[in-house]
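In the numbering used here, the protein residues as written are 1297 to 1488.
Structure follows, in structure tokens:
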């Protein structure tokens, strides 16, 4: 099997660590060699965070180069656009249609780009934009955006739903388990 590459991108505090942990657990449970690498850029201050997840029969490096990602899962629109050059031809971007202004926008030094989703599509990217924040609220907590997105992405990865639920049970504290299972189910139910 060829090595597959997934990037999880967002800003600090959005739960990319749990998302990568869930994905890593699923992939290992399915028998793949998995390499995960996280890159934090001022993550505690709302800066860009990216996690590389590579899996296959044998993976030698977790690093994903430009044009190599089969899938980009983005917690925020501008981060999806920032990492789009890493998407391979025929790859897919799943993005939470949410705007989180970076510091230059907050301070007035820059403008948040308009029509980001459409601009990515105009450049030929296969983009699925969903309101994951709305679904997370529906599940019971805005912080469940990460698991909503995992639910959506799970439909692109050919693994049984039970494997994903087992990973959620393994990685999520008991008191948040039902909330996260609901968030996953809501994400998985998104039609596209």
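C-beta: ideal position from N, C-alpha, C; glycine also. Computed from a prediction, not measured in an experiment: that's the story for all the values here.
Bounding residues of the alpha helix (DSSP H) (the contiguous stretch that carries residue i)
i	result
residue 1446	1441-1450
residue 1457	1457-1467
residue 1367	Segment 1365-1370 is the beta strand (DSSP E) holding residue 1367; no alpha helix (DSSP H) there.
residue 1481	1473-1484
residue 1413	1412-1418
residue 1359	Looking at the DSSP string, residue 1359 is not in any alpha helix (DSSP H), and its letter there is neither H nor E.
Proximal residues to residue i (C-beta, below 7 Å), its chain only, five neighbours per side dropped
i	result
residue 1357	1331
residue 1326	1455 and 1459
Whole-Å CB distance - residue i paired with residue j, under 8 Å assumed
i	j	result
residue 1373	residue 1407	Actually they do not touch by this definition, with Cβ atoms about 14 Å apart.
residue 1306	residue 1371	3 Å
residue 1351	residue 1360	That pair is no contact at about 12 Å.
Contact set for residue i: own chain, Cβ-Cβ below 6 Å, skip 5 residues either direction
i	result
residue 1354	1329
residue 1462	none
residue 1376	1370, 1389 and 1391
residue 1431	1444 and 1482
residue 1428	1392, 1441, 1444 and 1445
Residue i: first and last residue of the uninterrupted beta strand (DSSP E) it sits in
i	result
residue 1317	Segment 1312-1325 is the alpha helix (DSSP H) holding residue 1317; no beta strand (DSSP E) there.
residue 1299	No beta strand (DSSP E) contains residue 1299, which DSSP labels as neither H nor E.
Rounded straight-line distance, which links the Cα of residue j to that of residue i
i	j	result
residue 1481	residue 1447	6 Å
residue 1437	residue 1314	15 Å
residue 1419	residue 1385	11 Å
residue 1304	residue 1400	23 Å
Sequence-distant residues of its chain with Cβ nearer than 8 Å to residue i (five each side left out)
i	result
residue 1412	1373, 1374, 1376 and 1377
residue 1485	1447
Handout entry: Cβ contact check for the region 1358-1365 and the region 1438-1450: 3 or more pairs under 8 Å
Key = No contact exists between the region 1358-1365 and the region 1438-1450.
Handout entry: the region 1378-1396 contacting the region 1415-1423, beta-carbon criterion three pairs below 8 Å
Key = In this structure the region 1378-1396 touches the region 1415-1423; the number of beta carbon pairs closer than 8 Å is three or more.
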